[in-house]
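A.B. asks: So the sequences go chain by chain: A and B. End of the first sequence sits at 231 in the numbering used here; the numbers just go up one at a time, nothing left out. End of the second sequence sits at 702 in the numbering used here; the numbers just go up one at a time, nothing left out. This structure is in structure tokens; I'll ask about it shortly.
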Amino acid sequence: MRALIQRLFGPPPSTSKDDAIQRLKIVLMHDQCDLSPAQLESMKDEIVAVMRRYVEVDQAGVEFRLSKSDEGVALVSSVPVRRVTTRPAPSPS
Amino acid sequence: MSHCIVITSGKGGVGKTTTSANLACGLALNGHKVAVVDADIGLRNLDVILGLENRIVYDLVQVIEGECRLKQALIRDKRVEGLFLLPAAQTRDKNSVKPDDMRRLVAELKEIVDFVIIDCPAGIEQGFKNSIAGADQAIIVTTPEVSAIRDADRIIGLVEAHDLPEPRLIINRYRAGMVSRGDMMNRDDILEILAVPLLGIVPDHEDVIISANRGSPIVFDERSPIGAAYRRIVSRVEGNDVPIPDFTVETGVWSTFKRWMGLAPAREVV
Numbered sequence: 139m140r141a142l143i144q145r146l147f148g149p150p151p152s153t154s155k156d157d158a159i160q161r162l163k164i165v166l167m168h169d170q171c172d173l174s175p176a177q178l179e180s181m182k183d184e185i186v187a188v189m190r191r192y193v194e195v196d197q198a199g200v201e202f203r204l205s206k207s208d209e210g211v212a213l214v215s216s217v218p219v220r221r222v223t224t225r226p227a228p229s230p231s
Numbered sequence: 433m434s435h436c437i438v439i440t441s442g443k444g445g446v447g448k449t450t451t452s453a454n455l456a457c458g459l460a461l462n463g464h465k466v467a468v469v470d471a472d473i474g475l476r477n478l479d480v481i482l483g484l485e486n487r488i489v490y491d492l493v494q495v496i497e498g499e500c501r502l503k504q505a506l507i508r509d510k511r512v513e514g515l516f517l518l519p520a521a522q523t524r525d526k527n528s529v530k531p532d533d534m535r536r537l538v539a540e541l542k543e544i545v546d547f548v549i550i551d552c553p554a555g556i557e558q559g560f561k562n563s564i565a566g567a568d569q570a571i572i573v574t575t576p577e578v579s580a581i582r583d584a585d586r587i588i589g590l591v592e593a594h595d596l597p598e599p600r601l602i603i604n605r606y607r608a609g610m611v612s613r614g615d616m617m618n619r620d621d622i623l624e625i626l627a628v629p630l631l632g633i634v635p636d637h638e639d640v641i642i643s644a645n646r647g648s649p650i651v652f653d654e655r656s657p658i659g660a661a662y663r664r665i666v667s668r669v670e671g672n673d674v675p676i677p678d679f680t681v682e683t684g685v686w687s688t689f690k691r692w693m694g695l696a697p698a699r700e701v702v
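In structure tokens, the structure reads:
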């Protein structure tokens with residue numbers, strides 16, 4: 139019955155509590171590792187720049203985020219690769 | 433053996449002073465000798481919450497600077513045996529006191545009472561450092577809000593960095609109706625994020641404001657459910673195993689109908 143109602147009206151909208159929890163978790167991860175969103179963004183750009191020397195990266199699909207586990211805070215990244223460049227480009231230095 | 437407990441939160445306005453007052457009064461009601469110290473120098477408030485503002489002669493800074501003896505500055509609460517307030521100075525600032533001063537003060541207080549309760553100011557600066565200097569354990573007060581929980585998380589880290597044992601948490605201003613609608617984080621959400629043991633939950637209630645207006649902490653009110661919540665917290669501080677109630681409201685169609693028909697009590701926050 140409940141399933142039928144859910145199918146008719148779609149999934150229940152997310153409550154403001156869920157928003158609070160999500161926002162808190164992200165804020166706390168940044169607080170705990172002392173890394174601001176701007177710093178994270180600049181780290182992302184630098185890492186992607188290094189990867190570009192070896193592979194062709196789909197910039198739009200790059201995802202960097204901090205995630206919390208029992209072990210501590212981890213940086214989880216997903217970088218879609220279009221193809222591998224045959225010869226590494228020279229290092230910018 | 434005497435014990436010193438600091439009540440802290442990071443964020444202001446979450447109920448540290450109210451918690452300190454009720455905990456101190458509750459412990460004294462149970463027969464303990466208690467000194468409650470207002471460490472919010474420059475912004476003293478514990479005196480008005482306790483209704484003792486007209487009896488202040490000396491303050492904490494005068495004791496530390498040797499202008500008076502500790503016992504001269506302690507205000508004895510006439511409502512309950514064994515409760516003393518050490519008021520903060522109003523015209524000085526937090527830098528008038530150093531952590532070592534507080535350590536000495538707490539040691540001296542511990543010789544005359546069973547419990548020293550320290551009402552910590554908001555923030556993480558000098559006032560916080562002074563407040564936790566002499567403490568044996570910390571109680572963190574938070575409300576079910578993003579900003580208060582964020583600050584609580586920071587304070588928990590700082591308390592643990594000062595070699596105090598794991599702090600315990602009081603969730604203040606809990607609104608069961610909002611929790612059941614999914615518009616407020618519940619106890620499990622908060623405990624999952626903060627990962628410290630829960631000491632108690634105090635529901636949001638207008639009686640708390642009324643008791644502050646009167647200068648009579650709500651723990652003295654035998655009929656108040658909020659007073660009962662504080663009395664349970666006091667008992668847990670004494671080391672008793674008192675279960676924490678669920679504070680939920682029934683939301684189903686049938687219970688709403690029953691309420692509507694007057695067959696069930698009106699929706700209550702407790």
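Just so it is clear, CB atoms sit at the ideal spot from N, CA and C, and this is done for glycine as well.
Taking the alpha helix (DSSP H) that PHE560 of chain B falls in, what are its first and last residues?
C.D. replies: Note, PHE560 of chain B: alpha helix (DSSP H), 558 to 565.
A.B. asks: Using DSSP bridges, identify the partner residues of TYR606 of chain B.
C.D. replies: Paired residues: B:PRO635.
A.B. asks: What are the residues of the stretch 624 to 655 of chain B that lie near chain A, defined by any Cβ-Cβ distance shorter than 8 Å?
C.D. replies: Hits within the stretch, in order: ILE625.
A.B. asks: Which residues does DSSP pair with PHE679 of chain B in a beta bridge?
C.D. replies: Bridge partners of PHE679 of chain B: none, in fact.
A.B. asks: The beta strand (DSSP E) spanning ILE437 of chain B covers which residue range?
C.D. replies: Here the beta strand (DSSP E) through ILE437 of chain B covers 435 to 440.
A.B. asks: Considering only the alpha carbon of each residue, which of B:CYS500, B:VAL548, B:ARG619 lies closest to ALA453 of chain B?
C.D. replies: Checking every option, the nearest Cα to that of ALA453 of chain B belongs to B:VAL548.
A.B. asks: Does the distance from the C-beta atom of SER441 of chain B to that of ILE587 of chain B stay below 8 Å?
C.D. replies: In this structure, ILE587 of chain B lies closer than 8 Å to SER441 of chain B by Cβ.
A.B. asks: So, for GLY458 of chain B: in the same chain, excluding its five sequence neighbours on each side, which residues have a beta-carbon less than 7 Å away from its beta-carbon?
C.D. replies: Answer for GLY458 of chain B: VAL651, TYR662, ARG663, VAL666, listed in chain order.
A.B. asks: Taking a Cβ distance cut-off of 7 Å, strictly less, list which residues of the stretch 579 to 612 of chain B are near chain A, in chain order.
C.D. replies: Within the stretch 579 to 612 of chain B, the qualifying residues are ILE581, ARG582, ASP585, ARG586.
A.B. asks: Taking DSSP as the reference, what is the three-state secondary structure of ASP551 of chain B?
C.D. replies: If DSSP states are grouped into helix, strand and coil, ASP551 of chain B belongs with the strands.
A.B. asks: Please tell me whether MET617 of chain B has its Cβ less than 8 Å away from any Cβ of chain A.
C.D. replies: Yes, its Cβ sits closer than 8 Å to a Cβ of chain A.
A.B. asks: On the DSSP bridge assignment, give the partners of LEU574 of chain B in chain order.
C.D. replies: It is Thr, not Leu, that sits at residue 574 of chain B in the sequence shown. Answer by DSSP bridge pairing, in chain order: B:ILE603.
A.B. asks: Taking the alpha-carbon positions, what's the VAL701 of chain B to ALA212 of chain A distance?
C.D. replies: Because VAL701 of chain B sits at a pLDDT of 45, beneath the cut-off of 50, its placement in the model cannot be relied upon, and the following sentence gives the value as read from the coordinates. If you take the alpha carbons of VAL701 of chain B and ALA212 of chain A, they lie about 40 Å apart.
A.B. asks: Show which residues of chain A have a CB atom less than 9 Å away from the CB atom of GLY614 of chain B.
C.D. replies: In chain order: PRO150, SER152, THR153, SER154, LYS155, ASP156.
A.B. asks: Could you give the first and the last residue of the continuous beta strand (DSSP E) run that contains ALA505 of chain B?
C.D. replies: From DSSP, ALA505 of chain B is part of no beta strand (DSSP E) but of the alpha helix (DSSP H) over 502 to 505.
A.B. asks: Would you say THR574 of chain B and ALA580 of chain B are within 8 Å of each other, going by their C-beta atoms?
C.D. replies: Yes. Within cutoff.
A.B. asks: Express the C-alpha separation of GLY444 of chain B and ALA505 of chain B in angstroms, rounding to a whole number.
C.D. replies: Distance between the alpha carbons of ALA505 of chain B and GLY444 of chain B is about 26 Å.
A.B. asks: Just verifying my parser: in three-state terms, what is the DSSP assignment at LEU515 of chain B?
C.D. replies: LEU515 of chain B: strand per DSSP, three-state reduction.
A.B. asks: Pull the bridge partners of VAL469 of chain B from the DSSP assignment, please.
C.D. replies: Looking at the DSSP assignment, VAL469 of chain B forms a beta bridge with B:LEU518, B:ILE550.
A.B. asks: So that I know if they touch, is there some Cβ in chain A lying closer than 8 Å to that of ASP621 of chain B?
C.D. replies: Taking Cβ atoms only, chain A reaches closer than 8 Å to ASP621 of chain B, which makes this a yes.
A.B. asks: If I'm right that GLN522 of chain B touches GLY559 of chain B with Cβ under 8 Å, what's the distance once you round it to whole angstroms?
C.D. replies: Contact doesn't hold; Cβ gap of about 14 Å is too wide.
A.B. asks: If you draw a straight line from the C-alpha of ARG535 of chain B to the C-alpha of ILE571 of chain B, how long is it?
C.D. replies: So the alpha carbons of these two residues sit roughly 18 Å apart.
A.B. asks: The alpha helix (DSSP H) that contains ARG668 of chain B, what's its start and end?
C.D. replies: Here the alpha helix (DSSP H) through ARG668 of chain B covers 657 to 669.
A.B. asks: From THR153 of chain A to GLY614 of chain B, what does the alpha carbon distance come to, in whole angstroms?
C.D. replies: Taking the straight line from one Cα to the other gives about 6 Å.
A.B. asks: Within 10 Å of its beta-carbon, does GLY498 of chain B have 16 or more other beta-carbons around it, so buried, or fewer, so exposed?
C.D. replies: With fewer than 16 Cβ atoms within 10 Å of its Cβ, GLY498 of chain B is classed as exposed.
A.B. asks: Quick one: is LYS510 of chain B buried, meaning 16 or more other Cβ sit within 10 Å of its Cβ, or exposed?
C.D. replies: Under this definition LYS510 of chain B is an exposed residue.
A.B. asks: Specify the secondary structure class of GLU184 of chain A as computed by DSSP and reduced to three states.
C.D. replies: Looking at GLU184 of chain A - three-state DSSP - the assignment turns out to be helix.
A.B. asks: Does the separation of the CB atoms of PRO649 of chain B and LEU518 of chain B fall below 8 Å?
C.D. replies: No, the pair does not count as a contact, with Cβ atoms beyond the cut-off.
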